[in-house]
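Asks: Numbering (our numbering), first residue to last: 2 to 301.
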């Protein structure tokens, strides 16, 4: 009798153990999967380590995007400053599709300063906020004619006085039309440098100062291009392609996006994904790397 009772008790204990194990397995299966642990640095990273990591990221991005460039079509400083003003709250592609018509009709500041606002509005309608943008581009053209003899100034303090021109626009013009270093803090740049923990600042001028302190001034313009290119192509706002990212080991935010390499590849944009870029007339180096020109307005 004692042996039978002992055997029965052992059976109940084994059954209970199996039930517990099954429940634990089911609970584990139901639990949401966690992204891989970030291979990047911890929040206790020293200033020296931060500088080294930031500069290494820039070097590696330079290898990934050796053809990085401003993605607005322009032939002179006037076209660049107008195109940059028009790029607010729209895509560079849309601006590039719109400016050929604008510059064909108004090729100089003098021409645009004397333009009929309603005619300019009609041309700029595809860029959105076309009335405000019309006021800005006509206003800055008048300022160029009246204050700078129709020439775009090459100094920050002069550029920011023009209607519609802030520090971001000014640095785009200085860096790409005059070869004077500047950091372009657009939405992509802000997002990435915070993901990379280069800074915790959220205001553009403070981000500019914080990031600028990590790099030699001579690297600022190309740094901006590298970061913005990466933000548009791989490190997207909503679903970054972490599994296809060349700087994943250096990124504290690894795992915020898709980590599966094959799924991540499907998220790639522009030349990385085989799609047309932003410019109708991109640099030859971009075309040589497999990039394709964007279609003109109304094509396809």
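Note that CB positions come from ideal geometry on N, CA and C, so glycine has one too.
1) Using a Cβ-Cβ cut-off of 8 Å (strictly less than) and excluding sequence neighbours within five positions of residue 303, which residues of its own chain qualify?
2) Anyone know if the C-beta pair for residue 173 and residue 188 falls short of 8 Å?
3) Taking the C-alpha atoms as reference points, what is the distance between residue 192 and residue 238?
4) By the 10 Å Cβ neighbour count, where 16 or more other Cβ atoms means buried, how is residue 105 classified, buried or exposed?
5) Taking the alpha carbon of residue 227 as the reference point, which residue from 61, 49, 51 and 46 has its own alpha carbon closest?
6) Whose C-beta lies closer than 7 Å to the C-beta of residue 111 among residues of the same chain, with five residues either side of it excluded?
7) Hey, is the region 88-97 in contact with the region 123-131, meaning 3+ C-beta pairs nearer than 8 Å?
8) For the region 66-93, which segments carrying the alpha helix (DSSP H) assignment without a break, of at least 4 residues, lie completely within its bounds, in sequence order?
9) Using CA coordinates, which residue listed in 134, 164 and 216 is at the minimum distance from residue 148?
10) Over the uninterrupted alpha helix (DSSP H) stretch that includes residue 177, give me the two end residues.
11) What does DSSP give as the partner residue(s) for residue 277 in the beta ladder?
12) I'd like the span of the alpha helix (DSSP H) that includes residue 218, first residue to last.
13) With the cut-off set at 8 Å, would you say residue 114 and residue 142 are in Cβ contact?
14) Would you kindly report the start and end of the unbroken alpha helix (DSSP H) that includes residue 186?
15) Do residue 93 and residue 76 have their C-beta atoms within less than 8 Å of each other?
16) Does the Cβ of residue 180 have 16 or more other Cβ atoms within 10 Å, making it buried, or fewer, making it exposed?
17) The alpha helix (DSSP H) that contains residue 143, what's its start and end?
18) To the nearest angstrom, how far is it from the Cα of residue 116 to the Cα of residue 167?
19) From residue 25 to residue 240, what does the alpha carbon distance come to, in whole angstroms?
20) Return helix, strand or coil for residue 213, following the three-state DSSP convention.
21) If we count the other Cβ atoms within 10 Å of its Cβ and call it buried at 16 or more, is residue 267 buried or exposed?
22) Quick check: the Cα distance between residue 297 and residue 283, rounded to an integer number of angstroms?
23) Leaving out the 5 sequence neighbours to the left and right, which residues in its chain are closer than 7 Å to residue 234 when beta-carbon positions are compared?
24) Can you say whether residue 207 is buried or exposed, counting buried as having 16 or more other CB atoms within 10 angstroms of its CB?
25) Pick helix, strand or coil for residue 255, following the three-state DSSP scheme.
26) Using alpha carbons as the reference points, say which of 221, 134, 175 and 57 lies closest to residue 154.
27) Can you give the Cα-Cα distance for residue 242 and residue 257, rounded to whole angstroms?
28) Which residues in the same chain have their Cβ closer than 8 Å to the Cβ of residue 52, if we skip the five residues on either side of it in sequence?
Replies: According to the data block:
1) Residue 303 lies beyond the stretch modelled for the chain, which goes from 2 to 301, so this question has no answer here.
2) The residue labelled residue 173 in the question sits at position 172 within the chain shown. The residue labelled residue 188 in the question sits at position 187 within the chain shown. Their beta carbons are not under 8 Å apart, which means residue 173 does not touch residue 188 by this criterion.
3) Your numbering for residue 192 matches position 191 in the chain shown. Your numbering for residue 238 matches position 237 in the chain shown. Between residue 192 and residue 238, the C-alpha separation is close to 7 Å.
4) Within the chain shown, numbered from 1, the residue matching residue 105 stands at position 104. With fewer than 16 Cβ atoms within 10 Å of its Cβ, residue 105 is classed as exposed.
5) Your numbering for residue 227 matches position 226 in the chain shown. Closest by alpha carbon: 61.
6) Residue numbering aside, residue 111 sits at position 110 when the chain shown is read from its first letter. Closer than 7 Å at Cβ, skipping near neighbours: 146 and 151.
7) yes
8) 78-87
9) If you number the chain shown from 1, residue 148 lands on position 147. The option with the nearest alpha carbon to residue 148 is 164.
10) Here residue 177 is taken as the residue at index 176 of the chain shown, counted from 1. Residues 168-178.
11) Translated into positions along the chain shown, residue 277 becomes position 276. Looking at the DSSP assignment, residue 277 forms a beta bridge with 293.
12) The residue you call residue 218 lines up with position 217 of the chain shown. Run containing residue 218: none; DSSP gives neither H nor E here.
13) Within the chain shown, the letter at position 113 stands for residue 114. Within the chain shown, the letter at position 141 stands for residue 142. Closer than 8 Å, so yes.
14) Within the chain shown, numbered from 1, the residue matching residue 186 stands at position 185. Counting along the chain, residue 186 falls outside any alpha helix (DSSP H), and DSSP gives it neither H nor E.
15) Position 92 of the chain shown, counting from 1, holds the residue named residue 93. Position 75 of the chain shown, counting from 1, holds the residue named residue 76. No. Outside cutoff.
16) Stepping through the chain shown from its first residue, residue 180 is reached at position 179. Exposed is the call here.
17) Counted from its first residue, the chain shown places residue 143 at position 142. Its alpha helix (DSSP H) spans residues 131-149.
18) Counting from one through the chain shown, the residue named residue 116 turns up at place 115. Counting from one through the chain shown, the residue named residue 167 turns up at place 166. Going by the C-alpha atoms only, they are around 23 Å apart.
19) The residue you call residue 25 lines up with position 24 of the chain shown. The residue you call residue 240 lines up with position 239 of the chain shown. The predicted position of residue 25 is uncertain, since its pLDDT is 43 and thus under 50; a value taken from the coordinates is nonetheless stated next. Spanning the two alpha carbons is a distance of roughly 32 Å.
20) Walking along the chain shown from the start, residue 213 turns up at place 212. Here residue 213 sits in helix by DSSP.
21) Residue numbering aside, residue 267 sits at position 266 when the chain shown is read from its first letter. With fewer than 16 Cβ atoms within 10 Å of its Cβ, residue 267 is classed as exposed.
22) Taking the first residue of the chain shown as position 1, residue 297 is located at position 296. Taking the first residue of the chain shown as position 1, residue 283 is located at position 282. Spanning the two alpha carbons is a distance of roughly 13 Å.
23) Here the question's residue 234 lines up with position 233 in the chain shown. Hits under 7 Å: 269, 270, 271 and 273.
24) Taking the chain shown and counting its residues from 1, one reaches residue 207 at position 206. Exposed.
25) For the purposes of this step, residue 255 is taken as the residue at position 254 of the chain shown. Three-state DSSP puts residue 255 in coil, outside helix and strand.
26) The residue you call residue 154 lines up with position 153 of the chain shown. Closest option to residue 154, Cα to Cα, is 175.
27) Locating residue 242 in the chain shown gives position 241, counting from the first residue. Locating residue 257 in the chain shown gives position 256, counting from the first residue. Computed Cα separation, rounded: 9 Å.
28) As a first step, residue 52 must be located in the chain shown, where it is residue number 51. Within the same chain, residue 52 has close Cβ partners 215.
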